[in-house]
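Trainee: Quick note on numbering: the UniProt record's numbering labels position 132 of the sequence shown as 132, and the sequence is numbered without any gaps. In this text, a Cβ means the ideal position worked out from N, Cα and C, and glycines have one as well. The structure follows.
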Amino acid sequence: MIKDDVLFKGEIHRDFKKKVLLKINLILALILVPPAIFSSLTALDIINTSSGKSFFENFVGPPGILLTLILSTLAIVWIIILIISSIGLSKFIKNFSYNVSEDHIVIQRGLFTTKKVTIPYIRIQNINVINGFFDKRYKLYTVKLETAGKSGTLFTSSGINFHSEGYIPGIKDPDIIEEKINELMKKHSQVQIPQILEEKLFKPEELAFDNFISYILSKLREGEKLKTRIKELRESKNLTLSKLAEMVGVPIQTIEYLEEGRYNPSLSLALKISKVLDCKIEELFQLT
């Protein structure tokens, strides 16, 4: 069951806007400055080679007017792009937030359409902290949470998203979120022992380890008596390993182990798999 208690909240630092605008200005300079220089040199060459008139008289003529028109157009385009970018960035920063809870992290983002993404810690495979060339200037960091089955460019109903669902940019102190998420990831990756097993197997304490190993080995041997049909049913539904793992909410390795018949799943996991594959639980396995 997912808990809603929020351990801490975060948002994008305002310096993120300055960083992106700096990058946009550099790109615009590379695109617009060369044609502006070329136009200026061409117009000046025409003015200097005109005979019978002074430089000023030639400049206020057609060549000068054309040069002024070109430079003015480029400047207007530059200003319009910066204004639109500034407004869009302000909106993006305002809509972006992330909440770290006990069981999951929620990332809310969007420009015109706000999207809320909930990522359980069991799906997070890796945490990358990036400090790029422009980030260093403003002491910013980008945190990327790599999740099972989703990364890179995503195609959504609202368009193309060039960042993963676990993309958190513009952070001043990434250590806090990195350490907390790592701590919660380790907590949720630990094997959860049912209370009834804990009472039966782990008492008395001196027999806990032996009883635990015996229980694990018995579960592994149970898999030898059954032949799995999960792979067959999955392929009939045109589902990949990663897609089935994502829909069920487990790591890819769990589905691989089940398809290889290394162990039997719990009843709750078998119910989830049968629901996704649209079949009965007994259809997932057959006795050998």
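Measuring straight from C-alpha to C-alpha, what distance separates phenylalanine 285 and valine 6?
Mentor: Here residue 285 refers to the residue found at position 285 of the sequence shown. Here residue 6 refers to the residue found at position 6 of the sequence shown. Going by the C-alpha atoms only, they are around 41 angstroms apart.
Trainee: In whole angstroms, give me the CA-to-CA distance for phenylalanine 162 and serine 242.
Mentor: Position 162 of the sequence shown, counting from 1, holds the residue named residue 162. Position 242 of the sequence shown, counting from 1, holds the residue named residue 242. Unreliable positioning characterises phenylalanine 162 in this predicted model, as indicated by a pLDDT of 48, which lies under 50. A coordinate reading is not provided.
Trainee: Would the beta-carbon of isoleucine 105 fall within 7 angstroms of that of isoleucine 127?
Mentor: Taking the sequence shown and counting its residues from 1, the one referred to as residue 105 is at position 105. Taking the sequence shown and counting its residues from 1, the one referred to as residue 127 is at position 127. Going by C-beta atoms, isoleucine 105 is not nearer than 7 angstroms to isoleucine 127.
Trainee: Keeping to the same chain, check which residues put their C-beta closer than 7 angstroms to that of threonine 156; ignore five residues upstream and five downstream.
Mentor: Position 156 of the sequence shown holds residue 156. Reliability fails at threonine 156, whose pLDDT of 42 lies under 50, so the model's placement of it is uncertain and no value is given.
Trainee: Does isoleucine 181 come out as helix, strand or coil in the three-state DSSP assignment?
Mentor: Along the sequence shown, read from residue 1 onward, the residue named residue 181 stands at position 181. Three-state DSSP puts isoleucine 181 in a helix.
Trainee: Along the chain, where does the beta strand (DSSP E) that runs through isoleucine 105 open and close?
Mentor: Here residue 105 corresponds to residue number 105 of the sequence shown, with the count starting at 1. Taken as a continuous stretch (DSSP letters only), the beta strand (DSSP E) holding isoleucine 105 covers 104 to 109.
Trainee: Suppose contacts are defined by Cβ-Cβ distances below 7 angstroms. Is isoleucine 124 in contact with threonine 142 by that definition?
Mentor: Against the sequence shown, residue 124 aligns to sequence position 124. Against the sequence shown, residue 142 aligns to sequence position 142. No, Cβ-Cβ distance for isoleucine 124 and threonine 142 is not below 7 angstroms.
Trainee: Rounded to whole angstroms, what's the CA-CA distance from threonine 228 to leucine 271? Just pull it up for me.
Mentor: One-based indexing of the sequence shown puts residue 228 at position 228. One-based indexing of the sequence shown puts residue 271 at position 271. Their Cα atoms are separated by approximately 15 angstroms.
Trainee: Take the Cβ of residue 289 as the centre, count every other Cβ of all protein chains shown within 10 Å, and call the residue buried at 16 or more, exposed below.
Mentor: Any property of residue 289 remains undetermined from this structure, which presents the chain solely from 1 to 288.
Trainee: Please classify proline 34 as buried or exposed, where buried requires at least 16 neighbouring CB atoms within 10 angstroms.
Mentor: If you number the sequence shown from 1, residue 34 lands on position 34. Burial call: exposed.
Trainee: From cysteine 279 to leucine 239, what distance separates their C-alpha atoms?
Mentor: For the purposes of this step, residue 279 is taken as the residue at position 279 of the sequence shown. For the purposes of this step, residue 239 is taken as the residue at position 239 of the sequence shown. Each residue's Cα considered, the two are about 14 angstroms apart.
Trainee: Per DSSP, what kind of secondary structure is threonine 156 in: helix, strand or coil?
Mentor: Residue mapping note: residue 156 aligns to position 156 of the sequence shown, counting from 1. Caution applies to threonine 156, whose pLDDT of 42 falls short of 50 and renders its modelled position unreliable; the model cannot decide the point.
Trainee: Can you tell me whether glycine 166 is buried or exposed, with buried defined as 16 or more other CB within 10 angstroms of its CB?
Mentor: Here residue 166 refers to the residue found at position 166 when the sequence shown is read from its first residue. Buried, since its Cβ has 16 or more Cβ neighbours within 10 Å.
Trainee: By alpha-carbon positions, which one of Leu244, Asn25, Asp15 ends up nearest to isoleucine 81?
Mentor: Here residue 81 is taken as the residue at index 81 of the sequence shown, counted from 1. The candidate whose alpha carbon is nearest that of isoleucine 81 is Asn25.
Trainee: Answer with buried or exposed for phenylalanine 133, where buried requires no fewer than 16 other C-beta atoms within 10 angstroms of its C-beta.
Mentor: Here residue 133 corresponds to residue number 133 of the sequence shown, with the count starting at 1. It counts as exposed.
Trainee: Can you list, in chain order, the residues of its chain with a C-beta nearer than 8 angstroms to that of serine 274? Leave out the 5 residues immediately preceding and following it.
Mentor: Walking along the sequence shown from the start, residue 274 turns up at place 274. Cβ within range, chain order: Lys280, Ile281, Glu283, Leu284.
Trainee: Cα separation between lysine 94 and phenylalanine 38?
Mentor: Taking the sequence shown and counting its residues from 1, the one referred to as residue 94 is at position 94. Taking the sequence shown and counting its residues from 1, the one referred to as residue 38 is at position 38. Answer to the nearest angstrom: the Cα atoms are 41 angstroms apart.
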